Amino acid sequence: SEGMWLGWTHTYDEAIRLFDQALQMNVSYPHWQSAEMRKVMEAEFTMGKGQTYYNKGDKAQGEALMNEAIEIAPTETLKTVMRAIRDTTITPTSIDKMPEVLSVPYVPLDEDV
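Under this note's numbering, the first residue of the sequence shown carries the number 139, and numbering increases by one thereafter.
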């Protein structure tokens with residue numbers, strides 16, 4: 139129903155607002171152990187914002203933000219994970235066909251940071 143769709147749109151808009159807030163706060167957050175960790179978090183928040191736009195229906199904006207997140211990522215490990223997240227957002231897949239990097243319980247995203 140249309141009311142349900144409007145509810146989802148509001149949820150997406152709220153998520154985008156929160157990602158914008160997180161990105162803004164990340165710039166001056168004093169507790170990161172390094173500048174590279176700030177880049178890790180910027181990449182994470184940008185990827186989430188891109189996924190939100192994509193799933194909201196603004197696929198071009200969402201894909202552009204997901205690609206930006208890959209560029210922001212400061213390590214090759216994080217870039218690999220970000221590519222896998224982007225690819226499974228664009229082409230959803232079953233859990234058994236998910237990229238291995240997404241199926242392991244722990245991926246050290248900041249190993250080089």
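Using N, Cα and C, we set each Cβ at its ideal position, and we do this for glycine too.
A quick note: this is a predicted structure, and the numbers were derived from the prediction, not measured.
Counting along the chain, where does the alpha helix (DSSP H) carrying A181 start and finish? For this step, residue 181 is matched to residue 43 along the sequence shown. Element bounds for A181: 173-194.
Please state whether DSSP places Y150 in a helix, a strand or coil. If you number the sequence shown from 1, residue 150 lands on position 12. If DSSP states are grouped into helix, strand and coil, Y150 belongs with the helices.
Touch test, the stretch 174-181 against the stretch 198-205, Cβ-Cβ under 8 Å, three pairs minimum: no
Suppose you measure from the CA of T231 to the CA of Y192; what does that come to, to the nearest Å? In the sequence shown, residue 231 corresponds to position 93, counting from 1. In the sequence shown, residue 192 corresponds to position 54, counting from 1. Using only the alpha carbons, I get a separation of about 16 Å.
C-alpha distance - D234 paired with E209, whole-angstrom precision: By 1-based counting over the sequence shown, the position of residue 234 is 96. By 1-based counting over the sequence shown, the position of residue 209 is 71. Cα-Cα distance, rounded: 28 Å.
What's the call for V219, buried or exposed, on a 16-neighbour Cβ count within 10 Å? On the sequence shown, residue 219 is found 81 positions in, with the first residue counted as 1. Result: buried.
Quick one, are the C-beta atoms of I154 and T190 less than 8 Å apart? The sequence position of residue 154 within the sequence shown is 16, counting from 1. The sequence position of residue 190 within the sequence shown is 52, counting from 1. The Cβ-Cβ distance between I154 and T190 falls below 8 Å.
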